Amino acid sequence: MKKLLKIAVAVAAVVALSAVPADAHPTRLQVHRFASANPGSVNSYTVRGPYGSVVIDTLRTLSDAHAAVARTHGVQAIVLTHAHPDHVGGGEVFRAAYPNAPYHATTSAITTIRTDPLGFYALTHQQLGDDYPARPLVPDRAVHGGRPLTVAGLTFQTAEFAAAETSDQIVYYHPSSQSIFVGDLVDNAMTPALLEGHTCGWLKALDQLRQRFPEAHTAYPGHGAPADLQTLIRDQRTYLLRFRGLVGLAVRTQSPGGSTVTAGEEGRIVDQVNTWYPGYQPVASIPTLMHVNVTAVAGELLSEKHGCR
Numbered sequence: 001m002k003k004l005l006k007i008a009v010a011v012a013a014v015v016a017l018s019a020v021p022a023d024a025h026p027t028r029l030q031v032h033r034f035a036s037a038n039p040g041s042v043n044s045y046t047v048r049g050p051y052g053s054v055v056i057d058t059l060r061t062l063s064d065a066h067a068a069v070a071r072t073h074g075v076q077a078i079v080l081t082h083a084h085p086d087h088v089g090g091g092e093v094f095r096a097a098y099p100n101a102p103y104h105a106t107t108s109a110i111t112t113i114r115t116d117p118l119g120f121y122a123l124t125h126q127q128l129g130d131d132y133p134a135r136p137l138v139p140d141r142a143v144h145g146g147r148p149l150t151v152a153g154l155t156f157q158t159a160e161f162a163a164a165e166t167s168d169q170i171v172y173y174h175p176s177s178q179s180i181f182v183g184d185l186v187d188n189a190m191t192p193a194l195l196e197g198h199t200c201g202w203l204k205a206l207d208q209l210r211q212r213f214p215e216a217h218t219a220y221p222g223h224g225a226p227a228d229l230q231t232l233i234r235d236q237r238t239y240l241l242r243f244r245g246l247v248g249l250a251v252r253t254q255s256p257g258g259s260t261v262t263a264g265e266e267g268r269i270v271d272q273v274n275t276w277y278p279g280y281q282p283v284a285s286i287p288t289l290m291h292v293n294v295t296a297v298a299g300e301l302l303s304e305k306h307g308c309r
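End of the sequence shown sits at 309 in this note's numbering; the numbers just go up one at a time, nothing left out.
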């Protein structure tokens, strides 16, 4: 009887071990990046886990989403980093392909997608027509910054950041592989969208990102190729500080237009940025993105009473 009991215990142990996939905590993730064409190239990532795949962000257009879906299989969950139009437009395409996959976003992003408070989705639909939904699909599952998220057998640490590239954004960090999906907190060699006027908050968020995930190595940005996180943070900080500096000179009282950026000043700012960052493609398909950035940052700087603190 004792011998039979020992055999039963041994068999149970083997069964229990076999129930845990060998790659439950992989030191390297299998990540496929789908990048749409320029201008306005945006990424969607498909991450392979032990129980299927998870899709991170759903691209801008319906046609790009269809092309990305054709390269996926076994998607168990869809998650968003933030609610900008270029990251949520293809949600309905992924949902149609994987109707049982929960669609995750922060509560703030869910509200934004449902209500379109800044009119971004309506404007994008007007620009792109039938290739952008009249109303993007609203996620059905809330994810909360600071709480772990387990999808497709992969567990991600999360952190939420307010008033950076957009008003609310969440990042997903996979500790054992030191991989982090950062949305638009950092780009890689791309002209960022500063149109929400949060460059000061963005600089603070970059410092918080570095402090919150000091072991993170490979960053998967919303725009541009994956790269070392610390390098991307450094480059993003430098870009924002340089841009703020140029616009700050233009809105000084003693500048030609005073607090108003003149056409000449705006042109010189754009030329200088293009000299510093030749070949940078815009993250949005807005032809005048750089000029919109100047206007937004000028308004932000004029509203700061004591600088960026």
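All C-beta atoms in this analysis are idealised placements derived from N, C-alpha and C, irrespective of residue type, glycine included. Just so we're clear, the structure is a prediction, and the values are computed from it rather than from any experiment.
- With a threshold of 16 other beta carbon atoms within 10 Å, H306 falls short and is exposed.
- Contact check for G129 and P50: beta-carbon distance about 41 Å, past the 8 Å limit, so the pair fails to qualify.
- In this structure V143 is in contact with T106, their Cβ atoms being roughly 6 Å apart against a cut-off of 8 Å.
- Remark: fewer than three beta-carbon pairs, one from each stretch, lie closer than 8 Å, so the stretch 190-199 and the stretch 146-160 are not flagged as touching.
- In terms of Cα proximity to R252, the closest of L301, T27, Y239 is L301.
- Annotated three-state conformation of I180 is strand, per DSSP.
- When E304, R60, G201 are compared, the shortest CA-CA separation from D131 is found for R60.
- Taking a 10 Å sphere around the C-beta of S285, we find 16 or more other C-beta atoms and assign the residue as buried.
- Secondary-structure assignment with DSSP links A142 through a beta bridge to A105.
- The alpha carbon of C308 has as its nearest neighbour, out of V292, V283, T199, the alpha carbon of T199.
- The stretch 171-191 and the stretch 273-291 touch, with three or more beta-carbon pairs separated by less than 8 Å.
- The three-state reading of DSSP puts V79 in strand, counting E and B together.
- The residue among S259, H84, E304 with its C-alpha nearest the C-alpha of L118 is H84.
- Taking a C-beta distance under 7 Å as the contact criterion, V261 and P221 do not qualify as a contact pair.
- For D168, no alpha helix (DSSP H) segment is defined; the enclosing uninterrupted segment is the beta strand (DSSP E) at 168-174.
- A check of alpha carbon separations from V93 across F120, T124, R135, I110 identifies R135 as the nearest.
- Per DSSP, the beta bridge partners of R48 are Q30, S53.
- Each of Q126, V138, P99 was checked against the Cα of I113, and the nearest Cα belongs to V138.
- Counting along the chain, the unbroken alpha helix (DSSP H) around F243 starts and ends at 229-250.
- In this structure, F120 and A68 do not form a Cβ contact; the two beta carbons are roughly 21 Å apart against a cut-off of 8 Å.
- A distance below 6 Å between beta-carbons, with the five flanking residues on each side excluded, links D140 to the following residues of its chain, in chain order: Y103.
- Boundaries of the beta strand (DSSP E) harbouring F161: 154-162, taken from the DSSP string.
- Boundaries around Y121 are those of the alpha helix (DSSP H), 120-128, since no beta strand (DSSP E) includes it.
- Annotated as distal: F243 and A205, with beta-carbon spacing of 7 Å or more.
- According to the DSSP assignment, A68 belongs to no beta strand (DSSP E) but to the alpha helix (DSSP H) extending over 62-69.
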